[in-house]
Every structure is written in structure tokens, then in C-alpha cells.
Amino acid sequence: MTFSSHHLRRMFLLMTAGMILFTACSEDDDPAAPVDQNPSAVIAVFSDPHYFDPTLGSSGSAFESYIAMDRKLIAESHALTEAAVSAILSTDANIVIVPGDLTKDGERSSHERFAAFCAQLEQAGKAVFVVPGNHDVRNPHAVRYEGNQALPVASVTEQEFAQIYAEYGYDEAIARDPASLSYVAEPVDGIWVLGMDACRYSENEGEGHAVTGGRLSAATEGWIKARLQEAQAQEKTVFGVMHHGLLEHFQGQKLNPISADYVVDDWARLSGEFADLGMHIVLTGHFHSNDVVEKRTSESFLFDIETGSLLTWPCPYRIMRLNSDRTLDITTAVIENIQYDTGGDAFQDYAYGYLESGMLGLSTYILTSQFGVDEQTAQMLAPVMTEAFVTHYRGDETMTAEAQGVITTLKQAGDANSLFMASALEALFSDPPPADNTLTINLESGMVK
Ligand SMILES: [Fe+2]
Ligand SMILES: [Fe+2]
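Each residue of the sequence shown is one higher than the last, beginning at 1 in the numbering used here.
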């Protein structure tokens, strides 16, 4: 157990407050009067809803060929968002956080409709906070589908994003970064939601597509650190929110060309510095996995709590309960039912089948086109690669004997490509602590139960 100077100061203040109360109170005073003013809250999180306005078309050959290359349940996005909102409405969450990729490809009308869902949550007294993902702003791929054509539609600028989500972060902010869509809000006394925007939308037009990778500019990094210093001075509990991972979610994620763009640039330095400035929790998305990882510095600690995509099996959402004893209880639920024709299948089976078949096709494509693997080897590797992604998406990863056998065969082959593939698969299958779906984090000590 390590204590930062912040913790020691806090303990000292609490002890001092306790002593003052002890000496000032007579025996007739209410013994149950609260000594500790730690804030509490219930926070619901769902990520990467990739909402697609149904009026932009969800049939026809152009749409069909788009979704053939996508593992997300885009056609079902309206039904899934509706289901997530109604599930969260039935909880006692008072804060709802969505860490980006709110829309399929940044279509303005998708944003407006998604904001209407946020309004439903707010009307029920739940404070909603969003940050942009790589798909959400200035996206050159914002299109509608008509027959065999994909036709451009309006996306949004960063100013329009902040206007559409004014009530879901930007107008409620107590501070906004002039250089990005980062902000701080304090929905509950003592709790800061620190939205961090690492998206590179200013480069999208030049690239001709939305840039997947994430980077904090020097200006934004400085702005975040200044806010963290204020939070420490004022003893706020900070929930960082960012679309991109602040930590690697499996070993070598930033080194593998397939997954590098899912972790923010310079993550090792930034995560250590943010942890030492008192950020113990960051809520992320982007890689579509339920995965929690931790980092320890000599001074402090940081947990990156990634939530899977609402549109990718297991279609999860999280409920996080911050208790006044400074523990954070995290549980994970999945969408069980949607208003959509699943051909008679239970929704979870339908979503699993969709991911499995989509990943098989995608894995074969990646292996043959990006790794130059021959067709026969791709047939052997694709099911294991699919299994690796599926178990990583669910979290609390497990590996079958068949997968272990293929990894052993790759290692025995011994060539550079086989060894690279074996270590990438092993990394996806292995699950560094802590648990991914159900856990309790002590925000004072960093201990996990
Ligand atoms: Fe996403
Ligand atoms: Fe993303």
C-alpha cells in the first residue's frame, strides 16, 4: 500500500476533523453525524454506441457491402441505444458517461438523434457526459445509403459537437480547454468528470478518412495537468474520461500495427504523470473490449476501465457505485433484448453469432492481406484469432485447448511471422489483473477486491 502526499494530507485533515468533533461534542450530540464528507454517486457507463440515424438508410447493396466489412451491429444501433437507455433508466445511476464514438461516422443527424436519447436520461434526473471519439467529428465518411450508392451527408465541426452536446458536458463545464473538446464538470459536489479529447479530427480532411489514433497536444496536456493540480488542491475525486486507452490493455498493444491506434500516443509517460497528479480512474472505449488494467507508480496508481461497444457482443454497460468509504464497486451488465427482428434468436446469441462470423471474415482478410499469410494457414489461424478477440471483448479472458495447440504450433514453426502471431494471440488471451467485469477498487489505497 502506498500513500501519496495527497493521501497523507487527507488523512491528517480527517484525523484533525475527528479530534475537533471529539473534543467539541457533548454526549448528547448526534453520534451518527457524518465525520467524513467523501462524495458518493452511481455512474452508468456505456461506450461506442456508434449510433446511425435509421433515416440515412439501412438496406440496399451499398449498406450491405459496408456492414459486410464491419463487426458492429450498425443496423441494430437504434434498437440497441433505445435498450441501453431504458436499462439505465431503471437503475439508480445519477451520472451517465459515454466515452466517445457516439455515432457511426459523425453524421450530423445521428448526433442529433443520439443527443435526444441523452435528453431522455437527463429528464429522469441523470446527468449525462460525453466526449468525442475518432468517428465523431469532421468525418469525411459521413454518408447515407441509397440502393447501390453511399452519398455524403453533413458531419459536424468541433463547435457543432459542443453545441449538440451542450447539455451533456460542454455548457455544464466549470472549465473548457480552448485547444480541444476537453472539459471539467462537477455533477456532484466533490466529483469531477474530466473529459479528455485526444482525437485528431483536424487531420481528417487531409487524410480523407477519420484518423483512428489519439494524441494529446502539448496545450491540452498542459490544460489537463493544471486541472488535476486544482483537483488535488480542492480534494476532488476525478473520473477521467477519454475515448482512447490511456494504458495498454494487453501487452504490446501499442507496438502491434493492428492495435497501436487504440492507445493514446506517449501513454506510458502520460499515464504515470496523470496518476501522480491524482487521477486514479479513467473511463475509456475505442477497442470495444471490457477490460480493466492498472498502473502503479512509486507515488500513486491508475486504473483504465475500458467498456466494450454497445454494438459489439456482449453489448455491455457498466454500473459503478462510488461509496462514501472511497470504494468503487464496478459491475457489468449486458443488453438482453432489443426491439429488432433477430430471426427468433435470443439477442445475446444473435449478437454473438454476428461477431463470430464477422471476425472470422475480418481475421482471414487481415491475415492474407496484411500479413501475407497463405490461404490454408489463414483457415487454421482465423478461428483462433476470432476466439482471441471474442474472449478479449468479453473480458476475464479464457483460452481453449485448441487455441493453446495452435499457439504452440506457431512457436514451434519458429519463423519471425509465426512467433509474432503467437505472441500477439497470447497477449489477447492473457488477462493481466484486475478482473474486468466485477471488481471493487479502493480509491484511497489502490487495493482491488
Ligand atoms: Fe468505436
Ligand atoms: Fe474509436
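Glycine included, each C-beta is placed from N, C-alpha and C at the ideal position.
| In three-state terms, what does DSSP make of I338? | If you number the sequence shown from 1, residue 338 lands on position 338. In the structure shown, I338 adopts coil according to DSSP, grouped into three states.
8 Å contact criterion, which R227 and P314 should meet: CB distance rounded:
Taking the first residue of the sequence shown as 1, we reach residue 227 at position 227. Taking the first residue of the sequence shown as 1, we reach residue 314 at position 314. With a beta-carbon spacing of about 34 Å, R227 and P314 fall beyond the 8 Å limit used to define contacts.
Closest Cα partner of P432 within the set D304, T331, A413, A378:
Counting from 1 along the sequence shown, the entry for residue 432 is found at position 432. Looking at the Cα atoms, D304 is the closest of the given residues.
Checklist entry - Looking at G133 and ligand 4, is the gap between the Cβ and the nearest heavy atom below 6 Å? => result This structure lacks ligand 4; its bound ligands are ligand 1 and ligand 2.
Item to complete: Could you name the residues of the same chain whose beta carbon sits closer than 7 Å to that of E336, not counting the 5 residues immediately before and after it, in chain order?
Response: On the sequence shown, position 336 is the one that residue 336 refers to. Once the five neighbours on either side are set aside, the close Cβ partners of E336 are F347, Q348.
(Q) If we require 3 or more residues per run, which beta strand (DSSP E) segments fall completely within the segment 285–355? (A) Runs of the beta strand (DSSP E) spanning 3 or more residues and lying entirely within the segment 285–355 occur at 291–296, 301–306, 316–322, 327–334, in chain order.
Q) Can you pull the DSSP bridge partners for N442? A) Here the question's residue 442 lines up with position 442 in the sequence shown. Paired residues: T327.
Candidates R215, T440, Q37, A435, of which the one nearest E457 by Cα
In the structure as shown, the chain starts at 1 and stops at 449, and residue 457 therefore has no counterpart that could be examined.
Quiz item: Any heavy atom of ligand 2 closer than 6 Å to the Cβ of D101?
Solution: In the sequence shown, counting from the first residue as 1, residue 101 sits at position 101. Yes; taking the cut-off as 6 Å, the Cβ of D101 has a heavy atom of ligand 2 nearer than that.
- How many Å lie between Y66 and L322 at the Cα? Working through the sequence shown from its first residue, we reach residue 66 at position 66. Working through the sequence shown from its first residue, we reach residue 322 at position 322. Straight-line Cα distance between these residues: approximately 41 Å.
Say whether chain B places a C-beta atom closer than 7 Å to the C-beta of R200.
The displayed structure is made up of one protein chain only, and chain B is not part of it.
Next on the checklist: Is the beta carbon of G214 closer than 7 Å to that of A198?
Outcome noted: Taking the sequence shown and counting its residues from 1, one reaches residue 198 at position 198. Taking the sequence shown and counting its residues from 1, one reaches residue 214 at position 214. Going by C-beta atoms, A198 is nearer than 7 Å to G214.
Output needed for G57: all residues of its chain with C-beta closer than 8 Å, excluding positions within five of it in sequence on either side, in chain order. As a working mapping, residue 57 is identified with position 57 in the sequence shown. Sequence-distant partners of G57 (beyond 5 residues in either direction) whose C-beta falls short of 8 Å from its own C-beta, in its chain, are F63, R144, Y145, E146.
| task | Could you please give the first and the last residue of the uninterrupted alpha helix (DSSP H) stretch that includes G272? | result | Here residue 272 is taken as the residue at index 272 of the sequence shown, counted from 1. Per DSSP, G272 belongs to the alpha helix (DSSP H) from 267–276.
Residue range of the unbroken beta strand (DSSP E) whose run includes G240:
The sequence position of residue 240 within the sequence shown is 240, counting from 1. Taken as a continuous stretch (DSSP letters only), the beta strand (DSSP E) holding G240 covers 237–242.
**Asked** Are G453 and D48 close, meaning C-beta to C-beta below 7 Å?
**Response** Because residue 453 is not part of the residues shown, which for the chain are 1 to 449, the question remains open.
DSSP state of I258, grouped into three classes? In the sequence shown, counting from the first residue as 1, residue 258 sits at position 258. Of the three classes helix, strand and coil, the one that applies to I258 here is coil, per DSSP.
| query | Skipping 5 residues on each side, what residues in its chain have a beta carbon closer than 8 Å to that of T440? | reply | Within the sequence shown, residue 440 is the residue found at index 440, counting from 1. T327, L328, D329, I330, V448, K449.
Does the segment 388–406 come close enough to the segment 371–379 to have 3 or more Cβ pairs within less than 8 Å?
Two segments are said to touch when three or more pairs of C-beta atoms, one from each, lie closer than 8 Å; by this definition the segment 388–406 does not touch the segment 371–379.
If contacts are defined as beta-carbon pairs under 8 Å, then T386 and L360 qualify, I think. What distance do you get, rounded to the angstrom?
Residue numbering aside, residue 386 sits at position 386 when the sequence shown is read from its first letter. Residue numbering aside, residue 360 sits at position 360 when the sequence shown is read from its first letter. Yes, T386 and L360 are in contact; Cβ-Cβ is about 5 Å, under 8 Å.
**OP:** For the alpha helix (DSSP H) containing R113, list its first residue and its last residue.
**Re:** Position 113 of the sequence shown holds residue 113. Here the alpha helix (DSSP H) through R113 covers 108–123.
In chain order, which continuous runs of the beta strand (DSSP E) of length 3 or greater are located wholly inside the segment 141–193?
143–146, 149–152, 183–188
Handout entry: Inside the segment 368–392 only - alpha helix (DSSP H) runs reaching at least 4 residues
Key = none
Hey, how far is the Cα of Q251 from the Cα of A427? Looking up residue 251 in the sequence shown gives position 251. Looking up residue 427 in the sequence shown gives position 427. Between Q251 and A427, the C-alpha separation is close to 6 Å.
Expressed to the nearest angstrom, what Euclidean distance is found between the alpha-carbon atoms of G190 and G344? Position 190 of the sequence shown, counting from 1, holds the residue named residue 190. Position 344 of the sequence shown, counting from 1, holds the residue named residue 344. Approximately 48 Å between the Cα atoms of the pair.
- Give every residue of the same chain whose Cβ lies closer than 6 Å to the Cβ of L89, excluding the five residues on either side of it in the sequence, and list them in chain order. Translated into positions along the sequence shown, residue 89 becomes position 89. Hits under 6 Å: A124.
Check: Where S26 and Q232 are concerned, what is the direct C-alpha to C-alpha distance, given to the nearest angstrom?
Finding: Taking the first residue of the sequence shown as 1, we reach residue 26 at position 26. Taking the first residue of the sequence shown as 1, we reach residue 232 at position 232. With a pLDDT of only 35 at S26, under the threshold of 50, the placement of this residue in the model should not be trusted; the figure read from the coordinates follows. C-alpha separation (whole angstroms): 34 Å.
* Let me know the alpha helix (DSSP H) ranges lying completely inside the segment 189–227, each 4 residues or longer, listed in chain order. => 204–207
query = Which first and last residues belong to the alpha helix (DSSP H) in which F250 is found?
reply = Translated into positions along the sequence shown, residue 250 becomes position 250. Here F250 belongs to no alpha helix (DSSP H), and DSSP marks it neither H nor E.
May I ask you to check if the CB of D304 is nearer than 6 Å to at least one heavy atom of ligand 1? Locating residue 304 in the sequence shown gives position 304, counting from the first residue. Answer for D304: no, Cβ out of range of ligand 1.
Roughly how many angstroms separate the alpha carbons of V42 and A179, rounded to a whole number? Reading the sequence shown from its first residue, position 42 is the one you call residue 42. Reading the sequence shown from its first residue, position 179 is the one you call residue 179. Roughly 31 Å separates the two Cα atoms.
### Task
Report back the beta-carbon spacing between G301 and G195 to the nearest angstrom; my notes put them in contact at under 8 Å.
Taking the first residue of the sequence shown as 1, we reach residue 301 at position 301. Taking the first residue of the sequence shown as 1, we reach residue 195 at position 195. It should be pointed out that residue 301 corresponds to Phe in this sequence rather than to Gly. With a Cβ gap of about 21 Å, F301 and G195 do not count as contacting.
| said: ligand 1 and D48: does the residue's C-beta get closer than 6 Å to at least one heavy atom of that ligand? | reply: The sequence position of residue 48 within the sequence shown is 48, counting from 1. Yes, the beta carbon of D48 sits closer than 6 Å to at least one heavy atom of ligand 1.
The segment 415–429 touching the segment 266–284, judged by at least three CB pairs closer than 8 Å | no
For this session: With a cut-off of 8 Å on the beta carbons, I'd call L102 and L310 a contact; round off their distance for me.
Result: If you number the sequence shown from 1, residue 102 lands on position 102. If you number the sequence shown from 1, residue 310 lands on position 310. Not a contact, Cβ separation roughly 10 Å.
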